[in-house]
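Asker:
There are 2 protein chains.
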Amino acid sequence: MSRRTDTRDRMLSTAAELFHTQGYHATGLNQLLSAGGAPKGSLYFHFPGGKEQLAAEALAISGGRLHDVLRQTLETADGPGAAIETLIGHLAETLAASEFRRGCPLSTVALDAADSEPIRRACAEGFGSWQAVFEDALTGAGIAARRAGELATVVLAAVEGALLLAKTRHDTAPLRAVAAHLRITIEGELR
Amino acid sequence: MSRRTDTRDRMLSTAAELFHTQGYHATGLNQLLSAGGAPKGSLYFHFPGGKEQLAAEALAISGGRLHDVLRQTLETADGPGAAIETLIGHLAETLAASEFRRGCPLSTVALDAADSEPIRRACAEGFGSWQAVFEDALTGAGIAARRAGELATVVLAAVEGALLLAKTRHDTAPLRAVAAHLRITIEGELR
DNA sequence: AAGTTACTAGACCGGTCGTCATAGTTCGCG
DNA sequence: CGCGAACTATGACGACCGGTCTAGTAACTT
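Going down the list, the protein sequences come from chains A and B.
According to UniProt numbering, the first sequence is numbered sequentially starting from 1.
According to UniProt numbering, the second sequence is numbered sequentially starting from 1.
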């Protein structure tokens, strides 16, 4: 059962990268394969479900990666308010450094491939896992469970929206505004 | 110079609709033309810039339409806090009634055609015009200009993010959470 | 009737995703 | 060790659809 090549992993890697920056429909199989140095036939060997399955798995990986970053940031930082500010700073940096190409790794695909159920589900799970991290951090800081859930939703929505605006405007100001707002909101909640 | 047909307008209309629900790359010219009952050759007569120009103009129309709804809602309602809640309720209804297809008319395209400069600009202008409406309403309610700008950014980001999450999850809860949060935030600011 | 403008049909070529017959590689078992 | 079965990999192929453009028809003007 052990694999002999890393083709499958390489494909997932390049797929995650391309879907992140271009979205689902804008990313062609040829581009994907040539970027990963893989022949066409291999795709349907490793991913019988074709492009759709490849995308769903790649999104799960992207979601997991950011989940880990989130968790680490929230554990390390000095309270959830500060953590979120740090985190947004990190997102802003990534976005600007990529000439405003690398925003949220899920949102582009979540919107442009919303009619594919497997893909939609993969994105929903990614978002859910991120929200859970926020929620845990908030309850950990002493906020009631019910309230923490709502607040985590607001945090995630605001960050996603700010990423969208920043990417569209080629300007990180929306991220900074949202970071400040969220920090104040959270710290106001903690007393 | 006077036109003899309404082909151009019909094309813009169907384009706005399809780009709204499917995004840029997922919408083919054939689908677009057959849906609008328009002949293929006409595209490059009416839109020499091709698909890209058609999209940019359609987005400007979509942006303008929502701009009008926003302005009217904010003028009619009893203060900006209530207005935003009403507005989000309206967005949630539209989204749910369309089986979670009709979210923000710009965001899908803004993300999946971000590398086209004309399209990016059209989206940025749409977002900007919406934000200006919020900003005016907030300053009109007595909030300082500088602060109103930041707050309007947060409002827009939160609403956009909530639409994204709601669409992906097939659940309007994020919209409700954000509506409640924004109302409280704004009304807290007004005293 | 001739000229000008408004519009349209369909051919075009490159690229789309997906399939398949075949080739190469590794392993279990006699 | 040697053989065959199972696993892995390959790229040519095809049916179709993508956006674009040229060559043409229809309508109005003078």
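Every residue, glycine too, gets a C-beta built ideally from N, C-alpha and C.
Should residue 178 of chain A and residue 181 of chain B be called a contact, given that it needs their Cβ atoms to be closer than 8 Å?
Answerer: The answer is no: Cβ separation not under 8 Å.
Asker: Rounding to the nearest angstrom, what Cα-Cα distance links residue 185 of chain B and residue 186 of chain A in this structure?
Answerer: When rounded, the distance between both Cα atoms is 12 Å.
Asker: Taking Cβ to Cβ, would you say residue 103 of chain B is nearer than 8 Å to residue 167 of chain B?
Answerer: Yes, the pair counts as a contact, with Cβ atoms nearer than the cut-off.
Asker: Of all the alpha helix (DSSP H) runs that stay within the bounds of the UniProt domain "HTH tetR-type" (5-65) of chain A, which reach a length of 4 or more residues?
Answerer: With a minimum length of 4 residues, the continuous alpha helix (DSSP H) runs that stay inside the UniProt domain "HTH tetR-type" (5-65) of chain A are 7-22, 29-36 and 40-46.
Asker: Of all the CB atoms in chain A, is at least one closer than 8 Å to the CB of residue 66 of chain B?
Answerer: Taking Cβ atoms only, chain A never reaches closer than 8 Å to residue 66 of chain B, which makes this a no.
Asker: For the candidate residues A:106, A:122, A:101 and A:116, whose alpha-carbon lies nearest to that of residue 113 of chain B?
Answerer: It is A:101.
Asker: Might you give, ordered along the chain, the residues of its own chain that have their beta carbon closer than 7 Å to the beta carbon of residue 192 of chain A, omitting 5 neighbours on each side?
Answerer: Given that chain A is displayed from residue 1 to residue 191, the structure contains no residue 192 of chain A and the question cannot be resolved.
Asker: Which chain B residues sit within Cβ distance under 7 Å of residue 107 of chain A?
Answerer: Ordered by position in chain B, the residues that pass the 7 Å Cβ test against residue 107 of chain A are 111 and 164.
Asker: I need the boundaries of the alpha helix (DSSP H) containing residue 141 of chain B, first residue and last residue.
Answerer: First-last for residue 141 of chain B: undefined, no H or E at that position.
Asker: Using 10 angstroms around the beta-carbon of residue 65 of chain B, count the other beta-carbons present and answer buried if the total reaches 16, otherwise exposed.
Answerer: So residue 65 of chain B ends up on the exposed side.
Asker: Count the CB pairs spanning the segment 47-65 of chain A and the segment 57-64 of chain B that are closer than 8 Å, and state whether there are at least three.
Answerer: The answer is no - the segment 57-64 of chain B does not touch the segment 47-65 of chain A, with fewer than three Cβ pairs under 8 Å.
Asker: Consider the Cβ of residue 73 of chain B: report whether some Cβ of chain A lies at a distance smaller than 8 Å.
Answerer: Closer than 8 Å: no.
Asker: Quick one: give me the first and last residue of the alpha helix (DSSP H) that residue 91 of chain B is part of.
Answerer: It spans 80-97 - the alpha helix (DSSP H) in which residue 91 of chain B sits, taken as one unbroken run.
Asker: From A:93, A:147, A:9 and A:107, pick the residue whose C-alpha is nearest to that of residue 176 of chain A; which is it?
Answerer: Answer by Cα proximity: A:93.
Asker: Please report the straight-line C-alpha distance between residue 17 of chain B and residue 68 of chain B, rounded to a whole angstrom.
Answerer: Roughly 17 Å separates the two Cα atoms.
Asker: Whose Cβ in chain B lies nearer than 8 Å to the Cβ of residue 23 of chain A?
Answerer: The answer, in chain order, is 23, 25, 111 and 112.
Asker: For residue 158 of chain B, count the other beta carbons within 10 Å of its own beta carbon; 16 or more makes it buried, fewer makes it exposed. Which is it?
Answerer: By the 10 Å Cβ count, residue 158 of chain B comes out buried.
Asker: Assuming residue 50 of chain B and residue 129 of chain B make a contact with CB atoms under 8 Å, what is their CB distance in whole Å?
Answerer: With 8 Å as the limit, residue 50 of chain B and residue 129 of chain B do not qualify as a contact, their Cβ atoms being about 25 Å apart.
Asker: Check whether the Cβ atoms of residue 43 of chain B and residue 29 of chain B sit closer than 8 Å, and answer yes or no.
Answerer: Yes. Within cutoff.
Asker: Counting only beta-carbon atoms, is residue 90 of chain B nearer than 8 Å to chain A?
Answerer: No - not a single Cβ of chain A is within 8 Å of the one on residue 90 of chain B.
Asker: Residue 118 of chain B versus chain A: which residues are under 8 Å apart at the beta carbon?
Answerer: Correct list: empty, because the minimum Cβ distance to chain A is about 13 Å.
Asker: Which residues in chain B have a C-beta closer than 9 Å to the C-beta of residue 134 of chain A? List them in chain order.
Answerer: Those do not exist, as residue 134 of chain A stays about 12 Å from chain B at its closest Cβ, beyond 9 Å.
Asker: If you count every other CB in all the chains shown that lies within 10 Å of the CB of residue 90 of chain B, and 16 or more means buried, which is it?
Answerer: The residue in question, residue 90 of chain B, is exposed, as its Cβ has fewer than 16 Cβ neighbours within 10 Å.
Asker: Closest by CA to residue 22 of chain A, which one among A:110, A:137 and A:139?
Answerer: Closest option to residue 22 of chain A, Cα to Cα, is A:110.
Asker: Considering only the alpha carbon of each residue, which of A:75, A:8, A:106 and A:74 lies closest to residue 45 of chain A?
Answerer: Comparing Cα-Cα distances from residue 45 of chain A to each of A:75, A:8, A:106 and A:74, the minimum goes to A:8.
Asker: Using a Cβ-Cβ cut-off of 8 Å, state whether residue 195 of chain B counts as contacting chain A.
Answerer: As shown, chain B starts at 1 and ends at 191. That puts residue 195 of chain B outside it, with no answer to give.
Asker: In this structure, does DSSP put residue 122 of chain B in helix, strand or coil?
Answerer: Three-state DSSP puts residue 122 of chain B in a helix.
Asker: Can you give me the C-alpha to C-alpha distance between residue 81 of chain B and residue 118 of chain A, rounded to a whole angstrom?
Answerer: Their Cα atoms are separated by approximately 38 Å.
Asker: Could you tell me how far apart the beta carbons of residue 165 of chain B and residue 47 of chain A are, in whole angstroms, since I believe they sit closer than 8 Å?
Answerer: Between residue 47 of chain A and residue 165 of chain B the Cβ distance is about 28 Å, and since that is not below 8 Å, they are no contact.
Asker: What is the DSSP secondary structure of residue 1 of chain A, counted as helix, strand or coil?
Answerer: The pLDDT assigned to residue 1 of chain A is 40, lower than 50, so where the model puts this residue is not dependable, and the model offers no usable value.
Asker: Please confirm if residue 161 of chain A has its CB atom under 8 Å from at least one CB of chain B.
Answerer: Yes, its Cβ sits closer than 8 Å to a Cβ of chain B.
Asker: Just verifying my parser: in three-state terms, what is the DSSP assignment at residue 174 of chain B?
Answerer: DSSP places residue 174 of chain B in helix when its eight states are reduced to three.
Asker: Counting only Cβ pairs nearer than 7 Å, list the residues of chain B close to residue 158 of chain A.
Answerer: In chain order: 154, 157, 158 and 161.
Asker: Alpha carbon to alpha carbon, how far is residue 188 of chain A from residue 98 of chain A?
Answerer: When rounded, the distance between both Cα atoms is 34 Å.
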